[in-house]
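**Q** Before we start, here is the structure in question, set down as structure tokens.
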Amino acid sequence: MPAKKFDHRFRATYDKTVPWQAEGVEELLTLPKGVKVKVFAYDPAMKRVDMKVKFPKGYVEPAHTHKSWHSILVTKGRMCVAGKDLRPGDYVFGWDTLHGPYEYPDGCEVFVVFMGEGTQHVWEEAKHLRHKNVWKPKTAAGKKGVKAGVIARRSALARLAAKKKARR
Numbered sequence: 208m209p210a211k212k213f214d215h216r217f218r219a220t221y222d223k224t225v226p227w228q229a230e231g232v233e234e235l236l237t238l239p240k241g242v243k244v245k246v247f248a249y250d251p252a253m254k255r256v257d258m259k260v261k262f263p264k265g266y267v268e269p270a271h272t273h274k275s276w277h278s279i280l281v282t283k284g285r286m287c288v289a290g291k292d293l294r295p296g297d298y299v300f301g302w303d304t305l306h307g308p309y310e311y312p313d314g315c316e317v318f319v320v321f322m323g324e325g326t327q328h329v330w331e332e333a334k335h336l337r338h339k340n341v342w343k344p345k346t347a348a349g350k351k352g353v354k355a356g357v358i359a360r361r362s363a364l365a366r367l368a369a370k371k372k373a374r375r
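Letter by letter, the sequence shown follows residues 208 to 375 of the working numbering.
As structure tokens, this is what we get:
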């Protein structure tokens, strides 16, 4: 059987030509709702995906693992993780060990390269829903986003508890 051919030609892409996607993100990254992505390159032969990810103000990314590694470069906003308040130009590397949670009190955009068996995040819903924010927003919009996120997680936790109780 002949080997599959992939397009490994040089390319240069304007950011504005790649649209933000909100649909299907839950399947691509398996994260709670609210995230948008721009996929710049996907190479199944190399098991590599290059993308930008936009996290809304107040978003909390659960503590998680992956079946692949990722390199992350902050391009806009704030990413707060591992005791660090990261800003544009700062870098994160994650592998198959538990990392996070990541907090985005004022929103954030990052450029991510995944290499390996997939982009999916593996995380525990109940643990995520019980997360208490550590980082404080610096903007009024961030304060509103954090408050909305706390309320949404609290409501989802109550629904999860009600489901468990109903199954008994």
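Where is the CB? At the ideal position from N, CA and C, for every residue including glycine.
How many angstroms separate the CA atom of Arg366 from the CA atom of Ala270?
**A** Arg366 and Ala270: Cα-Cα distance of roughly 21 Å.
**Q** Identify the continuous beta strand (DSSP E) that holds Val288 and give its terminal residues.
**A** Taken as a continuous stretch (DSSP letters only), the beta strand (DSSP E) holding Val288 covers Met286 to Val288.
**Q** Let's see if you can read the secondary structure: which residues bound the beta strand (DSSP E) around Lys264?
**A** Where Lys264 is concerned, there is no enclosing beta strand (DSSP E), given that its DSSP letter is neither H nor E.
**Q** Can you tell me which of the three DSSP states Val299 falls into?
**A** DSSP places Val299 in strand when its eight states are reduced to three.
**Q** Quick test of the definition: if touching needs 3 or more C-beta pairs under 8 Å, does the segment 302-315 touch the segment 225-243?
**A** Judged by Cβ distances under 8 Å, the segment 302-315 makes no contact with the segment 225-243, as fewer than three pairs qualify.
**Q** Just the Cα atoms here: how many angstroms apart are Lys340 and Lys354?
**A** Per the sequence shown, residue 340 should be read as Asn rather than Lys. One C-alpha to the other measures close to 10 Å.
**Q** Got a sec? Which residues, its chain only, sit under 8 Å from Ile358 by beta carbon, not counting five neighbours each side?
**A** Nothing listed; no residue qualifies.
**Q** Are the segment 273-290 and the segment 311-321 touching by the rule of at least three beta carbon pairs closer than 8 Å?
**A** Contact between the segment 273-290 and the segment 311-321 is present, because at least three Cβ pairs lie under 8 Å.
**Q** When burial is assigned at 16 or more other CB atoms within 10 Å of the CB, is Gly231 buried or exposed?
**A** The residue is exposed, with fewer than 16 neighbouring Cβ atoms inside 10 Å.
**Q** Is it buried or exposed for Lys264, if we count other Cβ within 10 angstroms and need 16 for buried?
**A** So Lys264 counts as buried.
**Q** Could you give the residue range of the alpha helix (DSSP H) that holds Glu332?
**A** That run of the alpha helix (DSSP H) goes Glu332 to Leu336.
**Q** Excluding five sequence neighbours on each side, which residues of the same chain lie with their C-beta closer than 7 Å to the C-beta of His338?
**A** Closer than 7 Å at the Cβ level, and outside the excluded window around His338, lie Val267, Pro308 and Arg360.
**Q** Where does Leu293 sit, in a helix, a strand or coil, going by DSSP?
**A** It is a strand residue.
**Q** Pull the bridge partners of Gly323 from the DSSP assignment, please.
**A** Looking at the DSSP assignment, Gly323 forms a beta bridge with Ser275.
**Q** Look at the Cβ atom of Lys254, then the Cβ atom of Gly323, and state whether they are nearer than 9 Å.
**A** Cβ distance < 9 Å, so Lys254 and Gly323 count as in contact.
**Q** What's the gap between the Cα of Ala248 and the Cα of Glu234?
**A** So the alpha carbons of these two residues sit roughly 17 Å apart.
**Q** Per DSSP, Ala244 forms a beta bridge with which residues?
**A** As written in the sequence, residue 244 is Val, which differs from the Ala given in the question. Answer is Gln228 and Val260, bridged to Val244.
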